[in-house]
Amino acid sequence: MQSRRTILRAGAGLALTAASLEVATGTVFAETTATGWAGLAQQIQGDIVLPADAGYAAAKELQIAEYDAVHPQAIAYPESPRDVQALVNYARTKRISVRIRSGGHNFNGWSTGDGLVIDTSRLNHATVGSSTVRVGPGLQSIDALHALAPYNKQVIAGTCPTVSPGGFISGGGIGYQTRKFGLGSDRLRSAQIVLADGRLIRASATQYSDLFWAIRGGGGGNFGVITEFEVAPIDAPRMVFFSTTWAWDKAEQVFAAWQTWQMNASVNLGSALILNLPDAAPGTVPMVIITGGYHGPESEAQAALAQLTSLIGAQPTSNYVADLPYHEAMKTAYGCGDLTQDQCHREGTGPEAHLHRTAWQRDAYRVFNQPFTPSQLNSLVSTLDADRVAGQRRVLHCMAVGGNSNFTSPTATAFPHREANFVIGYVAQLDAPTPETQAAASAFVGTGAGVLNPLSDGAYVNFPGSSLPDWATQYYGDNYLRLKKVKNAYDPSNFFRHPRSIGSLGE
Ligand SMILES: Cc1cc2nc3c(=O)[nH]c(=O)nc-3n(C[C@H](O)[C@H](O)[C@H](O)COP(=O)(O)OP(=O)(O)OC[C@H]3O[C@@H](n4cnc5c(N)ncnc54)[C@H](O)[C@@H]3O)c2cc1C
Numbered sequence: 001m002q003s004r005r006t007i008l009r010a011g012a013g014l015a016l017t018a019a020s021l022e023v024a025t026g027t028v029f030a031e032t033t034a035t036g037w038a039g040l041a042q043q044i045q046g047d048i049v050l051p052a053d054a055g056y057a058a059a060k061e062l063q064i065a066e067y068d069a070v071h072p073q074a075i076a077y078p079e080s081p082r083d084v085q086a087l088v089n090y091a092r093t094k095r096i097s098v099r100i101r102s103g104g105h106n107f108n109g110w111s112t113g114d115g116l117v118i119d120t121s122r123l124n125h126a127t128v129g130s131s132t133v134r135v136g137p138g139l140q141s142i143d144a145l146h147a148l149a150p151y152n153k154q155v156i157a158g159t160c161p162t163v164s165p166g167g168f169i170s171g172g173g174i175g176y177q178t179r180k181f182g183l184g185s186d187r188l189r190s191a192q193i194v195l196a197d198g199r200l201i202r203a204s205a206t207q208y209s210d211l212f213w214a215i216r217g218g219g220g221g222n223f224g225v226i227t228e229f230e231v232a233p234i235d236a237p238r239m240v241f242f243s244t245t246w247a248w249d250k251a252e253q254v255f256a257a258w259q260t261w262q263m264n265a266s267v268n269l270g271s272a273l274i275l276n277l278p279d280a281a282p283g284t285v286p287m288v289i290i291t292g293g294y295h296g297p298e299s300e301a302q303a304a305l306a307q308l309t310s311l312i313g314a315q316p317t318s319n320y321v322a323d324l325p326y327h328e329a330m331k332t333a334y335g336c337g338d339l340t341q342d343q344c345h346r347e348g349t350g351p352e353a354h355l356h357r358t359a360w361q362r363d364a365y366r367v368f369n370q371p372f373t374p375s376q377l378n379s380l381v382s383t384l385d386a387d388r389v390a391g392q393r394r395v396l397h398c399m400a401v402g403g404n405s406n407f408t409s410p411t412a413t414a415f416p417h418r419e420a421n422f423v424i425g426y427v428a429q430l431d432a433p434t435p436e437t438q439a440a441a442s443a444f445v446g447t448g449a450g451v452l453n454p455l456s457d458g459a460y461v462n463f464p465g466s467s468l469p470d471w472a473t474q475y476y477g478d479n480y481l482r483l484k485k486v487k488n489a490y491d492p493s494n495f496f497r498h499p500r501s502i503g504s505l506g507e
């Protein structure tokens with residue numbers, strides 16, 4: 001029998017991490033000497049960690065352990081925009097490649113490389129103003145909850161407690177709040193950025209407006225190092241968190257009902273459907289989970305869930321509903337309901353940090369405007385379940401989007417998916433990867449991508465695919481040409497880059 005805690009954890013953090021076949025490392029233009037780094041360290045308030053330092057192994061870790069194989073020349077922790085300027089100027093002058101990192105969650109390792117990693121995790125302030133909130137790019141979602149709760153203000157966040165605004169807002173930002181309040185990037189009012197030439201500017205609707213357009217959905221690591229986001233907070237004093245589970249043999253019925261239910265629901269309802277095959281080993285229990293948040297009275301949430309049960313035509317195997325202060329509801333959604341704030345961080349990042357990293361992952365997420373037909377649903381679920389392999393955890397993860405976020409024009413910001421109703425992906429995870437198990441897991445995800453591709457309407461840059469043909473069009477649609485113009489205007493030498501950065505097709 002799964003405990004509620006197990007079930008909540010199983011559902012938390014999905015929009016899972018995934019690694020990639022793409023090469024995570026960047027091109028190192030030049031090496032600098034220990035003396036060079038020491039001189040740079042003198043110029044900044046923050047720290048620089050080098051390979052010989054005791055903390056280096058921990059400093060280079062991302063959420064996915066596969067990228068421990070990448071060895072940056074240096075990892076810098078700036079503590080102010082001025083520090084970031086010094087780091088950018090140094091790297092540009094010395095011709096050292098740069099990767100920018102905040103929460104380190106990029107599925108494909110785009111936030112690490114062989115040169116200098118500028119880690120903005122210490123830029124993690126939260127400053128509450130009269131109508132906006134200013135947050136540092138490194139303010140993890142769990143810490144934003146705690147910092148803002150005393151002011152009864154909150155910001156859009158996803159389903160993982162340690163994802164940070166640096167990547168989340170830059171790439172779009174989808175959460176249970178999105179159908180009601182929009183994407184995280186839709187609520188951006190301005191951003192402070194260090195550009196490739198070292199200038200510190202603030203982009204907004206009236207200043208550097210082309211850049212402001214691009215950083216709302218264009219994806220992180222493209223245009224500069226964002227050192228602060230100014231966002232409009234959401235009015236969400238409470239949220240009804242729910243997590244219901246259903247028997248595996250009802251998977252297709254639940255999937256069919258969920259998409260109908262969610263598409264016809266009030267914008268107050270945001271949810272995810274998770275088809276979870278933990279392993280193929282004896283005794284492991286596949287689960288169908290519907291979890292999410294309702295921004296309204298508990299009675300309305302209960303009525304909506306009763307409607308879901310009626311659409312499915314079967315009772316859930318478990319059902320947890322709690323009307324909670326917003327920050328407690330989100331902490332529960334993160335699977336951290338019974339952890340302290342300090343414990344609700346990635347292991348290795350603090351003495352009490354408790355959350356595990358993912359050893360290895362591959363994924364294939366796509367964006368969908370329309371619900372699936374019964375035969376398409378059958379194909380999706382059968383693909384998930386076919387030829388299961390012991391030790392391979394498989395998930396089909398479906399997030400509801402749309403609602404009020406679709407009332408923004410596809411060209412108003414760089415995020416183009418304004419007719420989307422779902423973001424759906426196959427994920428395979430391994431705890432102890434070997435070349436053989438990696439090949440099998442990659443093959444499974446490749447098969448899943450083959451099923452999703454012909455039905456899809458694009459892809460979400462914050463859930464980058466392990467292998468995504470025509471990625472520029474998939475991520476950005478018609479906005480890609482404009483993104484390239486902005487890139488050329490602000491970073492003509494392509495200083496900020498990663499394997500799928502704007503313009504990296506060399507066009
Ligand atoms: C477990 C898990 C759950 C998730 N759940 C959701 C979800 O519910 N909804 C959702 O929308 N997304 C979700 N995501 C995806 C997440 O939004 C993206 O991975 C996001 O880009 C992570 O941002 P980061 O700063 O934590 O990661 P990083 O890896 O540090 O950065 C991601 C990208 O942004 C760039 N970047 C980082 N900081 C900056 C900066 N200061 N300035 C400019 N560029 C920067 C990096 O170079 C990289 O390209 C999830 C990811 C994981 C791993």
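Going by this note's numbering, the letters in the sequence shown line up with residues 1 to 507, in that order.
Backbone N, C-alpha and C fix where the C-beta goes; we use that ideal spot for every residue, glycine too.
Values in this document were obtained by computation on a predicted structure and should not be read as measured data.
(1) Going by the DSSP bridge assignment, what does residue 399 pair with across the sheet?
(2) According to DSSP, is residue 26 part of a helix, a strand, or is it coil?
(3) Sorted by chain position, which residues of the same chain lie with C-beta nearer than 6 Å to residue 287's C-beta, five sequence neighbours on each side aside?
(4) Is the beta carbon of residue 377 sitting closer than 7 Å to the one on residue 255?
(5) Answer with buried or exposed for residue 190, where buried requires no fewer than 16 other C-beta atoms within 10 angstroms of its C-beta.
(6) So is the beta-carbon of residue 166 under 6 Å away from any non-hydrogen atom of ligand 3?
(7) From which residue to which residue does the beta strand (DSSP E) around residue 508 run?
(8) How is the beta strand (DSSP E) around residue 319 delimited, first residue to last?
(9) Would you mind stating whether residue 238 and residue 351 have Cβ atoms separated by less than 7 Å?
(10) For residue 73, verify whether its CB is less than 6 Å away from any heavy atom of ligand 1.
(11) Could you check the C-alpha separation between residue 89 and residue 194 for me, to the nearest Å?
(12) Closer than 8 Å is the cut-off here; do at least three beta carbon pairs connect the stretch 62-70 with the stretch 90-107?
(13) Between the C-alpha atoms of residue 354 and residue 160, what's the straight-line distance to the nearest angstrom?
(14) Give the straight-line distance between the Cα atoms of residue 260 and residue 423, rounded to the nearest whole angstrom.
(15) Taking 7 Å as the threshold (C-beta atoms), are residue 139 and residue 508 in contact?
(16) Using CA coordinates, which residue listed in 174, 295 and 311 is at the minimum distance from residue 418?
(17) Helix, strand or coil, according to DSSP, for residue 245 in the structure here?
(18) In this structure, does DSSP put residue 372 in helix, strand or coil?
(19) Please list, in chain order, all residues of the same chain as residue 251 whose beta carbon is under 7 Å from its beta carbon, the five residues on each side excluded.
(20) Give a single yes or no on whether residue 63 has its beta carbon closer than 6 Å to a heavy atom of ligand 1.
(21) Pull the bridge partners of residue 364 from the DSSP assignment, please.
(22) Among 70, 122, 112 and 95, which has the Cα closest to the Cα of residue 44?
(23) Which same chain residues end up closer than 8 Å to residue 279 when comparing Cβ atoms and leaving out the 5 residues on each side of it in sequence?
Answer, in terms of the structure:
(1) On the sequence shown, position 399 is the one that residue 399 refers to. Answer by DSSP bridge pairing, in chain order: 272 and 423.
(2) Indexing the sequence shown from 1 puts residue 26 at position 26. Only weak support exists for where residue 26 lies, its pLDDT of 49 falling under 50; the coordinates are left without a value.
(3) Indexing the sequence shown from 1 puts residue 287 at position 287. Counting only Cβ-Cβ distances below 6 Å, and skipping sequence neighbours, we find 245 and 276.
(4) Translated into positions along the sequence shown, residue 377 becomes position 377. Translated into positions along the sequence shown, residue 255 becomes position 255. A contact, by the Cβ cut-off of 7 Å.
(5) Sequence index remark: in the sequence shown, residue 190 carries index 190 (1-based). Label assigned to residue 190: buried.
(6) Ligands present in the displayed structure are limited to ligand 1, and ligand 3 is not among them.
(7) This structure does not reach residue 508, given that the chain is present from 1 up to 507, and the question cannot be answered.
(8) Residue mapping note: residue 319 aligns to position 319 of the sequence shown, counting from 1. Its beta strand (DSSP E) spans residues 318-325.
(9) Position 238 of the sequence shown, counted from the start, is the residue given in the question as residue 238. Position 351 of the sequence shown, counted from the start, is the residue given in the question as residue 351. In this structure, residue 238 sits away from residue 351, with a CB-CB distance that is not shorter than 7 Å.
(10) Locating residue 73 in the sequence shown gives position 73, where the first residue counts as 1. Residue 73 Cβ: outside cutoff for every heavy atom of ligand 1.
(11) Counting from 1 along the sequence shown, the entry for residue 89 is found at position 89. Counting from 1 along the sequence shown, the entry for residue 194 is found at position 194. Taking the straight line from one Cα to the other gives about 10 Å.
(12) yes
(13) Indexing the sequence shown from 1 puts residue 354 at position 354. Indexing the sequence shown from 1 puts residue 160 at position 160. One Cα belongs to residue 354, the other to residue 160, and the distance between them is close to 14 Å.
(14) The count along the sequence shown starts at 1 and reaches residue 260 at position 260. The count along the sequence shown starts at 1 and reaches residue 423 at position 423. So the alpha carbons of these two residues sit roughly 15 Å apart.
(15) Absent from the structure is residue 508, since the part of the chain shown begins at 1 and ends at 507.
(16) Numbered from its first residue, the sequence shown carries residue 418 at position 418. Nearest of 174, 295 and 311 to residue 418, Cα basis: 174.
(17) As a position in the sequence shown, residue 245 is number 245, starting the count at 1. Residue 245 falls in the strand class under three-state DSSP.
(18) Here residue 372 is taken as the residue at index 372 of the sequence shown, counted from 1. DSSP places residue 372 in coil when its eight states are reduced to three.
(19) Taking the sequence shown and counting its residues from 1, one reaches residue 251 at position 251. Cβ neighbours of residue 251 beyond the five flanking positions: 275, 288 and 381.
(20) As a working note, residue 63 is residue 63 in the sequence shown. Answer for residue 63: yes, Cβ within range of ligand 1.
(21) The count along the sequence shown starts at 1 and reaches residue 364 at position 364. Residue 364 pairs with 426.
(22) Counting from 1 along the sequence shown, the entry for residue 44 is found at position 44. Residue 44 has its Cα closest to that of 122, out of 70, 122, 112 and 95.
(23) Here residue 279 refers to the residue found at position 279 when the sequence shown is read from its first residue. For residue 279, same chain residues with a beta-carbon under 8 Å away, outside a window of 5 residues either side, are 390, 391, 392 and 393 in chain order.
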